[in-house]
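Just so we're aligned, residue 76 is where the sequence shown starts under my numbering, counting upward by one. What follows is a single structure, written as structure tokens, with notes after it.
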Amino acid sequence: MSFFMRLSSRPLEKVLKVVVIKEIKGSQYGVQLQNSVRDRLVEVDRYEEEEEEELDKLTDFFQSKYMKKDSVITFSFHGSTKTAKIGFTTEGKEESHIKIENPNVVEMVQKWYLGGERAISPTTITSLTETFAGMLQ
Numbered sequence: 076m077s078f079f080m081r082l083s084s085r086p087l088e089k090v091l092k093v094v095v096i097k098e099i100k101g102s103q104y105g106v107q108l109q110n111s112v113r114d115r116l117v118e119v120d121r122y123e124e125e126e127e128e129e130l131d132k133l134t135d136f137f138q139s140k141y142m143k144k145d146s147v148i149t150f151s152f153h154g155s156t157k158t159a160k161i162g163f164t165t166e167g168k169e170e171s172h173i174k175i176e177n178p179n180v181v182e183m184v185q186k187w188y189l190g191g192e193r194a195i196s197p198t199t200i201t202s203l204t205e206t207f208a209g210m211l212q
């Protein structure tokens, strides 16, 4: 099992901050997140009505957002409760957030970002590795 798979599967509190580097419609991001998480759930045969409802809620959250450059998406995974809080903030606006309570959806969102070779960005892996290396010295 890879380091990042072990990290994502541990019941620890994790916080990820995603900074938008190119403008994108929230609906595009939400649909990409929904499709990726749904595909992962289907792959392990854990996609039922409850997961579909939670993914729809998540997609609806991003639907009306416009992600300008330097907007921030924050993912807070709450360890043993297997819930997540997702926040969005953009210049000049108050943060909006949503709570995800389906443990299967929470797990797959974590794996989308921390899943090692299938993670969104090699930069994420490099950043985490450098941070942990600095902490261990």
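Even for Gly, the Cβ is constructed at its ideal location relative to N, Cα and C.
Item                                                                                            : Value
Contact under 9 Å by Cβ, K160 with I148                                                         : no
Proximity of R113 and L87 at Cβ, strictly below 9 Å                                             : no
Contacting residues, own chain, Cβ-Cβ under 7 Å from P178 (five flanking each side not counted) : K157
Per DSSP, the bridge partner or partners of Y141                                                : K100
Presumed contact (8 Å Cβ cut-off) between E166 and D145, rounded CB distance                    : 7 Å
Where L91 falls: helix, strand or coil (DSSP)                                                   : strand
Beta-carbon gap between V90 and L133 smaller than 9 Å                                           : no
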